[in-house]
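Enquirer: If you read the protein sequences in the order shown, they are chains G and A. Here this note's numbering is used: the first residue of the first sequence is 280, the next is one more, and so on. Here this note's numbering is used: the first residue of the second sequence is -7, the next is one more, and so on. For every residue, glycine included, the Cβ atom is placed at its ideal position computed from N, Cα and C. Quick one: the structure is below, questions incoming.
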Amino acid sequence: MDLVNVTMTVNGVERSAEVEPRTLLVHYLRDALGLTGTHVGCDTSQCGACVVEVNGITTKSCTMFAVQLDGANVTTIEGLADSDGTFHPVQEAFWAEHGLQCGYCTPGMIMSVNALLQRNSTPTDEEIREGLEGNLCRCTGYHNIVNAVKHAAAEMRGEND
Amino acid sequence: MIPVAFTYHRAETLDDAVARITENPDAKILAGGHSLVPAMKLRLAAPSELVDITGLSELKSVSIGDAIEIGALVTYNELMDNDELHAVCPIFRSAIEQLGDLQVRARGTFGGSVAHADPAADLTGVFLALGGTVHARGHKGDRSIPVEEYFVDLWTTALAPDEVLTCITIPTPGPDAKMVYLKHRHPASGYAVVGVAAIRDGDSVRVTLTGATSKPERLIGAEQALADGLNTETIQAAAEHATDGVVINGDLYADEEYRSHLVRVLVKRALEAIA
């Protein structure tokens, strides 16, 4: 099978790689670009461990082909913190509220929470749980994740002092 | 999971896309991809070529007049966030809130759902209840297919192999129309085990079923029981006759008897909601 060149801006840096058309975005990010913060969980578009942002749209990177995204702008978990290492408010909130145990779902969870809070800056507990139905966590029972989302939402509204 | 290898073609125009699928009947149209790509990863689908139409801006608009016109590439989130659409046809927002997840709704399209015709899709039943037309372009030109003739069977529609679904039109409901979509979702997948849409517009009441049947179905037995209007007795009769003439499917999660029961329950609740 012929390889195709795929170029995209990932976390602000233009990156290129030669891949097969059937290469999923998640494998492009992990295997071709070495960005292993984006995880492969279920590999069937259900668990959300692979969530990234593509051209501002929250996306399960196991459900798009890299070749579709030639020229796209992608943000992964590695691109969320400031360049000086300061955590994004959602990352900070997951740390503060211990919104994880094993951590496998965390990158996708954080990317989804960020997308959720962009759509709704004042979510209720129910809206948080429904908003994260595309992200599975097998450890926490979600309780501390919901707390982390509320913490992040308040922080992003400027209320946590 | 790695799909079978394929070649990729980014369509520059609609006619370019039609030409590709006419030349290669094994090619598949790629829009939101949230049904097709998972199927390819499971190797339930193995097209030799993908024709990506997501760059075709003429398929991305929603317009509302005497009819609601929804381009093939309009995503679930775009429909859900459209306040003008919500004002005239609120069933879209309430149904879309019940399907998929944040990421599926961000990528998945109404046009793709209608083209794919998954028996457990939600908006296929909503579309049949609203009534309307599927518009497609093939190598011989444009064609319009009334929704009543469009859904043929499991994952099978009246679209020809060389046709691309371009937009869907729906008659704009009257200002006093009432509509509801109720669903019993599969607890793991979120798909509709039973989905009932009911729309009352003037004297007309349309009730449809998805999830329990091979394709979305009008529930004629229920509709006929409502000939004298909606009241406690007619709604009860409509629920009892909801599955008349309809073949209800069963599976490991919900057998035919249980699904039929759910249909009756949801039809009753839906009719009470629009009474």
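For chain G, find out if any of its Cβ atoms is closer than 8 Å to the Cβ of Asp44 of chain A; answer yes or no.
Expert: Yes, Asp44 of chain A counts as interfacial toward chain G.
Enquirer: Counting only Cβ pairs nearer than 9 Å, list the residues of chain G close to Tyr0 of chain A.
Expert: Per Cβ cutoff of 9 Å: Val283, Pro300, Arg301, Phe344, Val346, Gln347.
Enquirer: Would you verify that the beta carbon of Gly(-3) of chain A is, or is not, closer than 8 Å to some beta carbon of chain G?
Expert: Reading the sequence as shown, one finds Ala at residue -3 of chain A and not Gly. Closer than 8 Å to some Cβ of chain G, the Cβ of Ala(-3) of chain A qualifies, so yes.
Enquirer: What's the gap between the Cα of Asp195 of chain A and the Cα of Ile56 of chain A?
Expert: 23 Å
Enquirer: Given that Lys339 of chain G touches chain A, what residues does it touch there, using C-beta distances under 7 Å?
Expert: Gln95
Enquirer: Do Phe119 of chain A and Ile88 of chain A have their C-beta atoms within less than 8 Å of each other?
Expert: At least 8 Å separates the beta-carbon of Phe119 of chain A from that of Ile88 of chain A.
Enquirer: Per DSSP, Val353 of chain G is paired with what?
Expert: G:Val289, G:Val333
Enquirer: Is the CB-CB distance between Tyr68 of chain A and Leu91 of chain A below 8 Å?
Expert: yes
Enquirer: Just to confirm before moving on: does the CB-CB distance between Ala269 of chain A and Leu51 of chain A stay below 8 Å?
Expert: An answer regarding residue 269 of chain A cannot be provided, because it is not within the stretch -7 to 267 covered by chain A.
Enquirer: Taking 8 Å as the threshold (beta carbon to beta carbon), is His26 of chain A in contact with chain G?
Expert: yes
Enquirer: Please name the residue, chosen from G:Ser295, G:Ala427, G:Leu308, G:Ala311, that lies closest to Ala372 of chain G on a Cα-to-Cα basis.
Expert: Nearest option by C-alpha distance: G:Ala427.
Enquirer: Which chain A residues sit within Cβ distance under 9 Å of Val330 of chain G?
Expert: Leu94, Gln95
Enquirer: For chain G, check one thing: does any of its Cβ atoms lie closer than 8 Å to the Cβ of Val29 of chain A?
Expert: By this cut-off, Val29 of chain A is an interface position.
Enquirer: Closer than 8 Å, CB to CB, is Asp322 of chain G near chain A or not?
Expert: yes
Enquirer: Using beta-carbon positions only, say whether Val(-4) of chain A and Ala38 of chain A come within less than 8 Å of one another.
Expert: yes
Enquirer: Note down, in chain order, every chain A residue with its Cβ under 9 Å from the Cβ of Glu412 of chain G.
Expert: Gly92, Asp93, Leu94, Gly182
Enquirer: Assuming Thr385 of chain G is part of the beta strand (DSSP E), what are its boundary residues?
Expert: DSSP places Thr385 of chain G in no beta strand (DSSP E) but in the uninterrupted alpha helix (DSSP H) bounded by 385 to 398.
Enquirer: Beta-carbon separation of Thr224 of chain A and Leu211 of chain A under 8 Å?
Expert: no
Enquirer: Closest to Thr354 of chain G by C-alpha separation, out of G:Thr317, G:Pro402, G:Leu379, would be which residue?
Expert: G:Thr317
Enquirer: Spatial neighbours of Glu41 of chain A within its chain, please: CB distance less than 8 Å, with the 5 preceding and 5 following residues excluded, ordered by chain position.
Expert: Phe(-2), Thr(-1), Tyr0, His1, Arg12, Asn16, Asp18, Ala19, Lys20
Enquirer: Which whole-angstrom value is the C-beta distance of Ala296 of chain G and Ala311 of chain G, which I expect to be below 8 Å?
Expert: 4 Å
Enquirer: How long is the line joining the alpha carbons of Met32 of chain A and Tyr383 of chain G, rounded to whole angstroms?
Expert: 25 Å
Enquirer: Assign Thr365 of chain G to one of two classes, buried (16 or more other C-beta atoms within 10 Å of its C-beta) or exposed (fewer than that).
Expert: exposed
Enquirer: If Ser169 of chain A sits next to Asp193 of chain A, beta carbons under 8 Å apart, how far is it from one beta carbon to the other, in whole angstroms?
Expert: Note on identity: in this sequence residue 169 of chain A is Ala, with Ser being the wrong assignment. Rounded, the Cβ-Cβ distance is 4 Å, consistent with contact.
Enquirer: Can you name the residues of chain G whose CB is closer than 9 Å to the CB of Lys52 of chain A?
Expert: Here the premise fails: no neighbours, minimum Cβ distance about 13 Å.
Enquirer: Who are the neighbours of Met(-7) of chain A on chain G, taking C-beta pairs under 8 Å?
Expert: Asp322, Thr323
Enquirer: Taking only the alpha-carbon atoms, compute the straight-line gap between Ile240 of chain A and Ala180 of chain A and give it to the nearest angstrom.
Expert: 21 Å
Enquirer: Closer than 9 Å, Cβ to any Cβ of chain G: which residues of the segment 181 to 201 of chain A, in chain order?
Expert: Ser181, Gly182
Enquirer: With which residues is Glu61 of chain A paired in a DSSP beta bridge?
Expert: A:Ser55, A:Thr161
Enquirer: For Phe119 of chain A, which three-state DSSP category applies?
Expert: Secondary structure of Phe119 of chain A (DSSP, three-state): helix.
Enquirer: From Lys132 of chain A to Leu115 of chain A, what distance separates their C-alpha atoms?
Expert: 29 Å
Enquirer: For Phe143 of chain A, which residues does DSSP report across the bridge?
Expert: A:Thr149
Enquirer: Rounded to a whole number of angstroms, what is the C-alpha to C-alpha distance between Ser49 of chain A and Ile60 of chain A?
Expert: 18 Å
Enquirer: How would you list, in chain order, the residues of chain A whose beta-carbon sits under 7 Å from the beta-carbon of Ser391 of chain G?
Expert: The contact set of Ser391 of chain G on chain A, defined by CB atoms closer than 7 Å, consists of Leu94 in chain order.
Enquirer: Where DSSP assigns a beta bridge to Ala189 of chain A, which residues make up the other side?
Expert: A:Tyr173, A:Thr200
Enquirer: Measuring CB atoms only, is the segment 398 to 415 of chain G touching the segment 342 to 356 of chain G, in the sense that at least three cross pairs come out at less than 8 Å?
Expert: no
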